[in-house]
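A.B. asks: First the structure, which I've put down as structure tokens, then a few questions once you've had a look.
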Amino acid sequence: MSGKAMVDSGGGWVKTVIAANAGPLTLDGTRTYILGPAPCVVIDPGPDLADHLDAVEVALGTSQVAALCITHHHADHAAGAADLILRLAAPLAATPESAEQAALDPPDLPLAPGSSVSFGGGHLEVVGAPGHCPDHVCFHWPQARALFTGDTVLGEGTSMIAPPEGDMAAYMSTLERLAGLELSIIYPGHGPEIDEPADKLHEYIEHRRQRERQVLDALGEGLSTPAEIRARVYEGLDPRLFGAAEGSVLAHLAKLVDEKRVRVEEGRYLPNSQQ
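Given below as structure tokens:
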């Protein structure tokens, strides 16, 4: 667990508790955030690991909890919610879709883009963020110019966008929407805090545009399957990430097919004549 980090506005603070679920996709572990002063909010309870949930309780101390918020339904972010709700007697704040897909009871505070959650440090605005998965949201804390991004933006590397849940066109729209916020810091679901948020979001947008160009170049060279394109675009990649990389290629291909820039014939992807 990291210590208390003071923010510049709103008189609030952030505590970070890192779960012991490190891996190629989770980096050093899923981050659970506690925002204060009381009544606090908890963002992403994390995996259903007793030691992690114990650490969240210790970090909260005797503070009242206004809401337990989740960014999306994936188990490394939401599986600990049911246990933590019982431990803290706290209301769940989530979209109905996230709660259902995480096998949780319907949320006490149903969220949707544009809604908000109040706590001792101000309020969190819910920002729709589909792309990594359809139910994903981010939480914007305007009083601190802070954004909690779950799996939409990571502290290191890039987020996995892969079918059937991942949608590259939706993800690009999400990044553009987040880039329009006035931010001083991003707190990602994995990896360290980002203190140059505008630069990071620009980097993410340009990275995806470059990947799209690389996919189109590979198609122009006669490569036509996701595995062939992955090998060309992701040279020297850790084999443990081959599946994730092929998923990213598929997401780019699906976007290009929807835009009629690429077509599919008998399982092979081919550039259209204008390409």
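Numbering (our numbering), first residue to last: 2 to 276. Every residue gets a Cβ at the ideal spot worked out from N, C-alpha and C, and that includes glycine.
1) From residue 84 to residue 210, what does the alpha carbon distance come to, in whole angstroms?
2) Quick check: residue 162 and residue 129, are their CB atoms within less than 8 angstroms of each other?
3) I'd like to confirm something about residue 181: is its beta-carbon nearer than 7 angstroms to some heavy atom of the ligand GDP, or not?
4) Need the endpoints of the alpha helix (DSSP H) that residue 213 sits in, please.
5) Whose CA, out of 105, 253 and 98, lies closest to the CA of residue 171?
6) Rounded to whole angstroms, what's the CA-CA distance from residue 157 to residue 71? Just pull it up for me.
7) Mind listing, in chain order, the continuous alpha helix (DSSP H) runs of no fewer than 4 residues lying wholly within the segment 4–71?
8) Skipping 5 residues on each side, what residues in its chain have a beta carbon closer than 7 angstroms to that of residue 60?
9) From residue 52 to residue 77, what distance separates their C-alpha atoms?
10) Return the first residue and the last residue of the alpha helix (DSSP H) that residue 159 is part of.
11) Give the range of the beta strand (DSSP E) segment to which residue 150 is assigned.
12) Return the CA-CA distance between residue 147 and residue 42, expressed in angstroms with no decimal places.
13) Per DSSP, residue 260 forms a beta bridge with which residues?
C.D. replies: According to the data block:
1) For this step, residue 84 is matched to residue 83 along the sequence shown. For this step, residue 210 is matched to residue 209 along the sequence shown. Answer to the nearest angstrom: the Cα atoms are 41 angstroms apart.
2) Translated into positions along the sequence shown, residue 162 becomes position 161. Translated into positions along the sequence shown, residue 129 becomes position 128. No; because the gap between Cβ atoms is not below 8 angstroms, this pair is not in contact.
3) Because no ligand of any kind appears in the structure shown, any question about the ligand GDP cannot be addressed here.
4) Against the sequence shown, residue 213 aligns to sequence position 212. Here the alpha helix (DSSP H) through residue 213 covers 198–221.
5) Here residue 171 refers to the residue found at position 170 of the sequence shown. The option with the nearest alpha carbon to residue 171 is 253.
6) In the sequence shown, counting from the first residue as 1, residue 157 sits at position 156. In the sequence shown, counting from the first residue as 1, residue 71 sits at position 70. Looking at the two C-alpha atoms, the distance is approximately 21 angstroms.
7) 51–61
8) Along the sequence shown, one-based indexing puts residue 60 at 59. Excluding positions up to five away in sequence, the list reads 2, 16, 18 and 35.
9) As a working mapping, residue 52 is identified with position 51 in the sequence shown. As a working mapping, residue 77 is identified with position 76 in the sequence shown. Residue 52 and residue 77: Cα-Cα distance of roughly 14 angstroms.
10) By 1-based counting over the sequence shown, the position of residue 159 is 158. First-last for residue 159: undefined, no H or E at that position.
11) Within the sequence shown, the letter at position 149 stands for residue 150. It spans 147–151 - the beta strand (DSSP E) in which residue 150 sits, taken as one unbroken run.
12) For the purposes of this step, residue 147 is identified with residue 146 of the sequence shown, where counting begins at 1. For the purposes of this step, residue 42 is identified with residue 41 of the sequence shown, where counting begins at 1. Each residue's alpha carbon lies about 14 angstroms from the other.
13) Here the question's residue 260 lines up with position 259 in the sequence shown. Bridge partners of residue 260: none, in fact.
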